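Novice: If you use numbering that gives the first Met the number 0, the sequence shown closes out at 259, no skipped numbers anywhere. Don't be surprised by glycine CBs; every beta carbon is placed ideally from N, CA and C. All of these numbers come straight from a predicted model, not from anything done at the bench. First the structure, then my questions, so here it is.
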Amino acid sequence: MRVVVTQSEQELGARAADLVAEVVRARPQAVLGVATGSSPLPLYRELGRRVEAGELSLAGCSAFMLDEYVGLAENHPQRYRQVILRDLVQVTDLDPGRVHGPDGLAGDPHQAALDYDRQIRESGGVDVQVCGLGTDGHIAFNEPGSSLASRTRVMPLAAQTRKDNARFFDGDEDAVPRQCITQGVGTIMEARRVVVLAQGEQKAEAVRQLVEGAVSAMWTCTALQWHPDVVVVVDEAAASRLTLRDHFRAVEQDVPEWRP
Ligand code: GLP
């Protein structure tokens, strides 16, 4: 696995943006996989800066979100669609009409999940997937115990995740929805490139498992060890439990050229 240890938030954003920009340069109509949460924010800010500076355009791209809460009202500020519009679409030239997400308000969320999985496949698939990590090692909302071959589906949120995400709901854990629709691990694995972002000591164990742990449904991020083009971009604190961290710090990570 390729691990890039960065020294500042700005560097983390820039290294991740390089990986996304390479894909968009090679394929201006690229399909982006986008994640919510605080981890991708330095990347989204840097993409915004590059678009503003005329160095990059996402105008030809489309995007698929990783996951969505079930049952949050259309205009709820924590609905993931609203978060992506705020954090990414508003700061770049990505067309909001081309940003797709699971329908968390569908009458039949199970059918909505199946439809969304099919929609991703029919788009030709995700070219570059941006991904954060839960403190319990989840990717999207694939909580511990999820099948590593899973597809997009309705899932309950783990107690740890509801606790972690309460900060977005004025600290009120009860306000955090109990269910979500999430891309499966198997769905995410079909992206052509995956860029994982993690910052801070609270992610150090998840990063250790992701890079050096045994592949296990208990740490769903470890499935990515089977993916041929994953780059993990972290800060020193998130890298702090890696046995190989000096090695990763010392070597320039040789990322394979992205080909459409
Ligand atoms: C949520 C999202 C994940 C995200 C995780 C980490 O659980 N469903 O996609 O990776 O939060 O969030 P943060 O980056 O804010 O730590």
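Who are the near neighbours of threonine 160 in its chain, counting only those whose CB is closer than 6 angstroms to its CB and skipping five residues on each side?
Specialist: Gly133
Novice: Threshold first: 3 residues or longer. Then list the beta strand (DSSP E) segments lying entirely within the stretch 33 to 71, N to C.
Specialist: 61 to 64, 66 to 68
Novice: Where do the ends of the beta strand (DSSP E) carrying methionine 217 lie?
Specialist: Run containing methionine 217: none; DSSP gives neither H nor E here.
Novice: Within this structure, are the beta carbons of glutamine 178 and valine 69 separated by less than 7 angstroms?
Specialist: yes
Novice: Can you determine whether any heavy atom of the ligand GLP sits closer than 6 angstroms to the C-beta of aspartate 102, and answer yes or no?
Specialist: No, since every heavy atom of the ligand GLP falls outside the 6 angstroms radius drawn around the Cβ of aspartate 102.
Novice: Apart from the five residues on each side of it in sequence, which residues of its chain come closer than 6 angstroms, Cβ to Cβ, to proline 27?
Specialist: Gly59
Novice: Say the cut is 6 angstroms; is the CB of leucine 42 nearer than that to a heavy atom of the ligand GLP?
Specialist: Leucine 42 Cβ: outside cutoff for every heavy atom of the ligand GLP.
Novice: Check whether the stretch 76 to 95 touches the stretch 138 to 156, counting contact only when three or more Cβ pairs, one atom from each stretch, lie closer than 8 angstroms.
Specialist: no
Novice: Any idea if histidine 137 is buried or exposed, counting beta-carbon neighbours within 10 angstroms, 16 or more meaning buried?
Specialist: buried
Novice: Inspect the beta-carbon positions of valine 82 and threonine 35 and report whether they are closer than 7 angstroms.
Specialist: yes
Novice: With a 10 Å radius around its C-beta and 16 neighbouring C-beta atoms as the bar for buried, classify glycine 47 as buried or exposed.
Specialist: buried
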